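Here the structure is laid out as structure tokens; the discussion comes afterwards.
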């Protein structure tokens, strides 16, 4: 059996799955410098804060994840939701435009973009 401690992101995901959010935050904080250039780690940490309904803390993680990988539609979708939760319409529009650029047939992003631009 492979030790979870050799794979800290797996351990982090396991803690989140089990609802051990305080431990997950502590582990994530201790790993952040080691994984500062890992978009997957940033996505996991941002997702943790989304689960905790703390968009302010989630946003920097999603911003870093997108900075590291601007082609990840899933990250862009959640980042859009975080911006909307924080009432940051212009930033949400930018995310929607990037999603449509990557996936021209993404009708959900197109509809949201249209809706936001008409507000």
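In our numbering, the protein residues as written are 113 to 231.
Cβ coordinates follow ideal geometry from the N, Cα and C atoms, glycine included.
Computed from a predicted model, the values in this text were never measured in an experiment.
Taking its Cβ as the centre, do 16 or more other Cβ atoms sit within 10 Å of residue i, making it buried, or is it exposed?
i           : result
residue 201 : exposed
residue 142 : exposed
residue 151 : buried
residue 131 : exposed
residue 163 : exposed
residue 145 : exposed
residue 231 : exposed
Would residue i and residue j qualify as a contact pair, given that the criterion is a beta-carbon distance under 7 Å?
i           : j           : result
residue 185 : residue 211 : yes
residue 190 : residue 160 : no
residue 198 : residue 148 : no
residue 207 : residue 224 : no
residue 153 : residue 121 : yes
So, with DSSP's three-state summary, where would you put residue i?
i           : result
residue 119 : coil
residue 159 : helix
How many Å lie between residue i and residue j at the Cα?
i           : j           : result
residue 228 : residue 222 : 10 Å
residue 260 : residue 170 : This structure gives no information on residue 260, because the portion of the chain shown stretches from 113 to 231.
**Q.** alpha helix (DSSP H) segments (min. 4 residues) lying fully within the stretch 164-215
**A.** Runs of the alpha helix (DSSP H) inside the stretch 164-215: 167-180, 185-197, 201-214.
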